Amino acid sequence: MNLLIPYIKLTPPDPTLSEFTYGDVNKRAQKLKNDLKPGDYVFFHTSWGGKKYITAYFVVHSVLDTKIACEDKSISKKYKNPHILDYLEKGSQFDEDAILFGDPIKSRVLDKPLLFDKELAKKLSLDIEFSDKFSDAQIIGSAARQWRQITDKDVDILLRSIDKNKKYHRLRTTEEVSEVIEKDIEEYLASNPSLIGKGLKLIEKQLPIESGRIDLLFEDKKGNLILVEVKLNRIGRDAIHQIQKYINELKSKNKGKKVSGVIVCSGVMLAYENDIRKQKDIQIFIYGWNMKVLEW
Numbered sequence: 004m005n006l007l008i009p010y011i012k013l014t015p016p017d018p019t020l021s022e023f024t025y026g027d028v029n030k031r032a033q034k035l036k037n038d039l040k041p042g043d044y045v046f047f048h049t050s051w052g053g054k055k056y057i058t059a060y061f062v063v064h065s066v067l068d069t070k071i072a073c074e075d076k077s078i079s080k081k082y083k084n085p086h087i088l089d090y091l092e093k094g095s096q097f098d099e100d101a102i103l104f105g106d107p108i109k110s111r112v113l114d115k116p117l118l119f120d121k122e123l124a125k126k127l128s129l130d131i132e133f134s135d136k137f138s139d140a141q142i143i144g145s146a147a148r149q150w151r152q153i154t155d156k157d158v159d160i161l162l163r164s165i166d167k168n169k170k171y172h173r174l175r176t177t178e179e180v181s182e183v184i185e186k187d188i189e190e191y192l193a194s195n196p197s198l199i200g201k202g203l204k205l206i207e208k209q210l211p212i213e214s215g216r217i218d219l220l221f222e223d224k225k226g227n228l229i230l231v232e233v234k235l236n237r238i239g240r241d242a243i244h245q246i247q248k249y250i251n252e253l254k255s256k257n258k259g260k261k262v263s264g265v266i267v268c269s270g271v272m273l274a275y276e277n278d279i280r281k282q283k284d285i286q287i288f289i290y291g292w293n294m295k296v297l298e299w
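Written out as structure tokens, the structure reads:
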């Protein structure tokens with residue numbers, strides 16, 4: 004069985020796209036455990052700027068009861084899905100709680116999200132009826148508010164549309180730019196480390212450590228470590244505390260090496276500017292965009 008699943012942006016995120024995991028509870032958890040099998044496809048879609056976008060798909064590797072996943076230390080130490088974190092902290096809170104693990108090789112977070120519009124919807128077996136009384140986005144949102152089962156043919160259509168969308172170069176709209184996912188920025192920095200500093204070499208992306216998961220880890224020519232965290236919004240004290248924990252852990256495991264941190268974000272909250280300026284081993288970089296105009 005293949006699924007089309009809606010989601011909203013949560014903190015912490017679920018689905019956790021960076022590690023290809025998704026958790027749910029009660030009847031939906033039962034559906035994950037009973038109906039999905041290895042090799043099935045699960046596509047995730049969300050709303051940005053009044054439009055619907057497909058942002059990722061997981062190729063099912065396995066579905067585990069959250070209790071079983073947490074009892075396996077190789078899983079509970081590696082994965083940061085909120086269902087795992089909540090279970091480790093509070094124990095069982097629901098009758099059913101399950102986690103979907105996507106195949107890390109075959110699953111994919113889209114570099115360019117796929118617009119889920121009327122044209123795409125009509126190609127799929129969703130039987131969505133469009134009307135002039137409501138916008139296309141409203142109709143699609145209503146029809147796809149719940150989980151929708153899709154056919155193997157639908158999967159092929161979506162995969163071809165994703166590949167075609169990747170090859171189609173266009174300017175992003177203001178809404179799309181403002182909703183750019185952290186992965187876009189991470190990938191750009193990973194490919195252009197000179198934006199962070201001179202002579203840096205990328206060591207690891209999405210590096211799991213005991214205190215969390217480091218977005219990017221670089222090494223300079225002297226062997227010193229520079230870890231980078233990407234935040235879409237303006238930052239405050241929480242972001243500083245998070246990266247400081249990462250720095251302290253890396254220092255304890257890499258004796259003799261200098262470890263520093265970089266936060267790439269859209270800005271700093273006014274109330275925390277003075278405190279953040281006092282940080283000696285943490286730099287703040289602000290991301291931005293070049294604007295272009297095209298004749299209509």
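Whatever position you read off the sequence shown (first residue = 1), add 3 for the working numbering.
In this text, a Cβ means the ideal position worked out from N, Cα and C, and glycines have one as well.
No experiment lies behind these values; they were computed from the predicted model shown.
Please report the distance separating the alpha-carbon of residue i from that of residue j.
i    : j    : result
R151 : K126 : 15 angstroms
P9   : V158 : 16 angstroms
N168 : L117 : 7 angstroms
D166 : Y191 : 20 angstroms
D106 : N277 : 44 angstroms
L220 : I287 : 16 angstroms
R163 : V262 : 44 angstroms
N227 : L20  : 29 angstroms
D155 : L6   : 10 angstroms
I153 : S128 : 7 angstroms
K55  : G270 : 27 angstroms
D100 : N37  : 12 angstroms
R148 : T14  : 20 angstroms
I87  : R216 : 15 angstroms
Looking only at DSSP bridge pairs, what is residue i linked to?
i    : result
S21  : DSSP output for S21 lists no bridge partner at all.
T49  : Y56
S263 : I229
Y44  : V62
C268 : I289
G26  : I102
K204 : E222
D166 : For D166, which the question treats as bridged, DSSP gives no partner whatsoever.
L67  : I102
Secondary structure at residue i, three-state DSSP: helix, strand or coil?
i    : result
E213 : coil
V296 : coil
N5   : strand
K136 : coil
L103 : strand
S255 : helix
Y10  : coil
K224 : coil
K234 : coil
Mind checking which residues open and close the alpha helix (DSSP H) that includes residue i?
i    : result
R148 : Taken as a continuous stretch (DSSP letters only), R148 belongs to no alpha helix (DSSP H), as it is neither H nor E.
A274 : Per DSSP, A274 belongs to no alpha helix (DSSP H) and is neither H nor E.
P85  : P85 to K93
K282 : The amino acid occupying residue 282 in the given sequence is Gln; Lys does not appear at that position. Careful: Q282 lies outside any alpha helix (DSSP H) and carries neither H nor E.
N29  : N29 to D38
Y191 : E185 to S194
S79  : K76 to S79
Rounded C-beta distance between residue i and residue j? I'm assuming under 8 angstroms.
i    : j    : result
N84  : D17  : 6 angstroms
L103 : V62  : Not really, about 11 angstroms apart at Cβ, beyond 8 angstroms.
N264 : L210 : In the sequence under discussion, the amino acid at residue 264 is Gly, which differs from the Asn named in the question. At roughly 13 angstroms, the Cβ-Cβ gap does not stay under 8 angstroms, so G264 and L210 are not in contact.
I289 : Y249 : I289 to Y249, Cβ: 20 angstroms. No contact.
F23  : L161 : 17 angstroms between Cβ atoms; not a contact.
K121 : F137 : Not really, about 12 angstroms apart at Cβ, beyond 8 angstroms.
What residue does the beta strand (DSSP E) around residue i start on, and which one ends it?
i    : result
P2   : What the structure shows of the chain is the stretch from 4 to 299, and residue 2 is not part of that stretch, so it cannot be assessed.
I131 : Segment: none, I131 is in no beta strand (DSSP E) and carries neither H nor E.
Q286 : I285 to I289
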